[in-house]
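S.K.: Keeping their order, the protein sequence lines are chains A and B.
For the first sequence, the residue numbers in our numbering are 1 to 286.
For the second sequence, the residue numbers in our numbering are 1001 to 1286.
Even for Gly, the Cβ is constructed at its ideal location relative to N, Cα and C.
In this text the structure is predicted, and so the values were computed from the model without any measurement.
I have a structure I would like to understand better, so I am pasting it below and will then ask my questions one at a time.
Protein chains: 2
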Amino acid sequence: MTSLQPVQRIAEVRAQLEDWRSHGSIGFVPTMGALHPGHATLISQARAECARVVVSIFVNPLQFDRKDDLERYPRTVEADLRLCEQLGADLVFVPAVSDLYPAEQLCTVDPGPLATHLCGAHRPGHFRGVATVVLKLLNVVEPDRAYFGEKDAQQLAIIRRMVADFDLAVTIVGVPTVREDDGLALSSRNARLSVRERRLAPTLHMALRAAATKIAEGATDVNAIKDSAHTAVPRDPSVRIEYLDIVDAGDLQPVAVIGRSPVLVAGAMWIGETRLIDNIRVEPRR
Amino acid sequence: MTSLQPVQRIAEVRAQLEDWRSHGSIGFVPTMGALHPGHATLISQARAECARVVVSIFVNPLQFDRKDDLERYPRTVEADLRLCEQLGADLVFVPAVSDLYPAEQLCTVDPGPLATHLCGAHRPGHFRGVATVVLKLLNVVEPDRAYFGEKDAQQLAIIRRMVADFDLAVTIVGVPTVREDDGLALSSRNARLSVRERRLAPTLHMALRAAATKIAEGATDVNAIKDSAHTAVPRDPSVRIEYLDIVDAGDLQPVAVIGRSPVLVAGAMWIGETRLIDNIRVEPRR
């Protein structure tokens, strides 16, 4: 039993925040629930930096390109509320779909060229849906600081750019990825993995690590670097690499040769029916 | 000489408004300058309804589909500032292009199906540019109320929907079109008309009025109604109708038969090198 009651209505959130806003800064952690220790670090950092902490839990239909993925997305609201309370959140916003989308969403955020590569190339409309719901949530909560995990690197880059491009008065804080001991990035989707799949899962991180090491050692030919990453992926019928790419860390455009700018080594891998993503930011050797 | 000094920097606007916001409501009138009595009614209404009034003057390159139109757009900033002062504006925001667009605008507002008809069909990207800059300006000023002319009916409908779809905490106020005695809607572009063109200009309103009258009399066949409008347009080599359309006043989709919902009778007409638009909202006879 938790004493932190979820707030569903936008008007209620606004009324509560109106009162808090004059007394100090508002930190905001938007999530899709199924909270894990990665989310906990976001909430804890917000708790340490802001007077009030708002968490939202909303599985956003607009960003799911596949209906089965939306339906199978894990939902654990009771446990999420307990965790939010333990971590000292002040308000948990849990809107229904009809609260955030009372009518057809006709106006959307187009993330343009930031969405054409990496996950964006494989999940049509996904980042349009992400950017749109994040804009809506930022407009409801109007936080001083909003926290996002670096695991979703393309999402974070798009949100940073959206905030700059739309002149939103919020500071976006990126929080480092939390990993299991074997390197697997924490993700709500990890809960779907079978024991056998779970053993295969860290190979995505190993592949990205192999590429990142090559770059840190001075390699510059992106195709050769990507080949070395692919050799780290086990030949297993249940494993399929969706992409392994190296892009400029700022504009997310593919690079052919490693230069002096920071790059993201990023990948998506299917294990059985589950899609995992991960990335490593690398500063090339000077 | 005016004592109301324009403010160019976003940070300066925010600092000034931060101070004012706690003392009462903020009204905002975004314009492209070249102010005429139509704008004056917007500013006056904001003055009557809000504690502080902010006017912006910014010729937004993102919404011009034709470079020559952007270059030829009238600019009268000194006179605009004097008018703003006379009407009691408290702050005039006059950003440079590099203030609002310090980098390439990668994220934009996609107005979706609201932009596929009327002007949107003839000015590719126009409403994307309008919605994007209005969102930016609303985020800089964060007004309680923002004022827009009904002359730009499609723009007003898109902004209303954007505000609802993105959960912006602002009230959008539509202000009736101001007309010359002969019916011509006031527009900054009217300044471009020659004496001969000016005499032809009211025929757009006459054509729309002819269609609106038919609807008010009970006509329902949209093609027949449009034919009657076209007959009101003079056969003159310098006059060209771009479109005359009848759309649902809410979702801006074309209607084939007049039903019970309000419609917009809207048109765009070229006179020489100048493009004029106008519209009439009609409540069908019950």
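Grab me the residues of methionine 1 of chain A's own chain with a C-beta within less than 7 Å of its C-beta, minus the 5 sequence neighbours each way, in chain order.
M.R.: Note that methionine 1 of chain A scores 49 on pLDDT, short of 50, meaning its location in the model is unreliable; the coordinates nonetheless yield the value given after this. Cβ within range, chain order: n/a, list empty.
S.K.: Specify whether the segment 1083-1091 of chain B and the segment 1199-1217 of chain B touch according to this definition: at least 3 beta carbon pairs, one from each stretch, less than 8 Å apart.
M.R.: no
S.K.: Would you kindly work out how many angstroms separate the C-alpha atoms of alanine 268 of chain A and tyrosine 243 of chain A, rounded to a whole number?
M.R.: If you take the alpha carbons of alanine 268 of chain A and tyrosine 243 of chain A, they lie about 5 Å apart.
S.K.: Which of the three DSSP states, helix, strand or coil, is assigned to isoleucine 10 of chain A?
M.R.: helix
S.K.: Pick out whichever of A:Ile57, A:Arg192 and A:Pro30 has its Cα sitting closest to the Cα of valine 134 of chain A.
M.R.: A:Pro30
S.K.: Within the 9 Å Cβ cut-off, does glycine 1112 of chain B reach chain A?
M.R.: yes
S.K.: Looking only at DSSP bridge pairs, what is serine 1098 of chain B linked to?
M.R.: According to DSSP, which records beta bridges pairwise, serine 1098 of chain B is partnered with nothing at all.
S.K.: Output the boundary residues of the alpha helix (DSSP H) element that contains serine 228 of chain A.
M.R.: 222-230
S.K.: What does methionine 1162 of chain B reach in chain A if we use C-beta pairs closer than 8 Å?
M.R.: Cys107
S.K.: Taking the beta carbon of lysine 136 of chain A as the centre, do at least 16 other beta carbons fall within 10 Å, making it buried, or is it exposed?
M.R.: With a 10 Å radius around the Cβ and a threshold of 16 neighbouring Cβ atoms, lysine 136 of chain A comes out buried.
S.K.: Of all the residues that make up the segment 1137-1162 of chain B, which are near chain A by a beta-carbon distance shorter than 7 Å?
M.R.: Asn1139, Val1140, Arg1161 and Met1162
S.K.: Measure the alpha-carbon distance for leucine 168 of chain A versus glutamine 45 of chain A and round it to whole angstroms.
M.R.: Computed Cα separation, rounded: 21 Å.
S.K.: Verify the CB distance criterion: does alanine 1103 of chain B have a CB-CB separation below 9 Å to chain A?
M.R.: Answer yes: the Cβ-Cβ gap between alanine 1103 of chain B and chain A drops below 9 Å somewhere.
S.K.: Along chain A, in chain order, which residues have C-beta atoms closer than 8 Å to that of leucine 1168 of chain B?
M.R.: Asn139
S.K.: For valine 247 of chain A, which three-state DSSP category applies?
M.R.: strand
S.K.: Of all Cβ atoms in chain A, is any one closer than 9 Å to the Cβ of threonine 1288 of chain B?
M.R.: Chain B is shown from 1001 up to 1286; residue 1288 of chain B falls before or after that span and cannot be answered.
S.K.: Taking the C-alpha atoms as reference points, what is the distance between serine 1003 of chain B and alanine 1219 of chain B?
M.R.: 55 Å
S.K.: Can you look up threonine 1076 of chain B in the DSSP assignment and give me helix, strand or coil?
M.R.: coil
S.K.: DSSP three-state label for threonine 203 of chain A, please.
M.R.: The answer is helix: DSSP assigns threonine 203 of chain A an H, G or I state.
S.K.: I want to know whether the segment 146-161 of chain A touches the segment 193-204 of chain A - three or more CB-CB distances under 8 Å.
M.R.: no
S.K.: Taking all protein chains shown into account, do 16 or more other C-beta atoms lie within 10 angstroms of the C-beta of arginine 1285 of chain B, making it buried, or fewer, making it exposed?
M.R.: exposed
S.K.: Taking CB distances under 9 Å as the criterion, tell me whether isoleucine 1010 of chain B reaches chain A.
M.R.: By this cut-off, isoleucine 1010 of chain B is an interface position.
S.K.: Shorter than 9 Å from the beta carbon of alanine 1121 of chain B to some beta carbon of chain A?
M.R.: No - not a single Cβ of chain A is within 9 Å of the one on alanine 1121 of chain B.
S.K.: Measure the C-alpha to C-alpha separation of glutamine 16 of chain A and leucine 62 of chain A and round it to an integer number of angstroms.
M.R.: So the alpha carbons of these two residues sit roughly 27 Å apart.
S.K.: Could you tell me whether the Cβ of arginine 1014 of chain B comes closer than 9 Å to any Cβ of chain A?
M.R.: yes
S.K.: What residue range is occupied by the uninterrupted alpha helix (DSSP H) comprising isoleucine 1159 of chain B?
M.R.: In the DSSP annotation of this structure, the continuous segment of the alpha helix (DSSP H) that includes isoleucine 1159 of chain B starts and ends at 1153-1165.
S.K.: What separation, rounded to the nearest whole angstrom, lies between the Cα atoms of arginine 161 of chain A and alanine 1266 of chain B?
M.R.: 37 Å
S.K.: Quick one, which residues of the segment 1199-1222 of chain B are near chain A if we go by CB-CB under 8 Å, in chain order?
M.R.: none
S.K.: When the cut-off is 9 Å and only beta carbons count, does aspartate 248 of chain A lie next to chain B?
M.R.: no
S.K.: Taking C-alpha atoms, which residue in B:His1117, B:Trp1270, B:Asp1019 and B:Pro1037 lies nearest to leucine 1186 of chain B?
M.R.: Comparing Cα-Cα distances from leucine 1186 of chain B to each of B:His1117, B:Trp1270, B:Asp1019 and B:Pro1037, the minimum goes to B:Pro1037.
S.K.: Where does isoleucine 1241 of chain B sit, in a helix, a strand or coil, going by DSSP?
M.R.: strand
S.K.: To the nearest angstrom, how far is the alpha carbon of glutamine 8 of chain A from that of phenylalanine 58 of chain A?
M.R.: 10 Å
S.K.: Can you look up proline 124 of chain A in the DSSP assignment and give me helix, strand or coil?
M.R.: The answer is coil: DSSP assigns proline 124 of chain A none of H, G, I, E or B.
S.K.: Closest by CA to aspartate 221 of chain A, which one among A:Glu12, A:Val257, A:Glu150 and A:Glu142?
M.R.: Ranking A:Glu12, A:Val257, A:Glu150 and A:Glu142 by Cα distance to aspartate 221 of chain A puts A:Val257 first.
S.K.: Three-state secondary structure (DSSP) at aspartate 1069 of chain B?
M.R.: helix
S.K.: May I have the straight-line CA-CA distance separating glutamine 987 of chain B from valine 1094 of chain B, to the nearest angstrom?
M.R.: Nothing about residue 987 of chain B can be read from this structure; chain B reaches only from 1001 to 1286.
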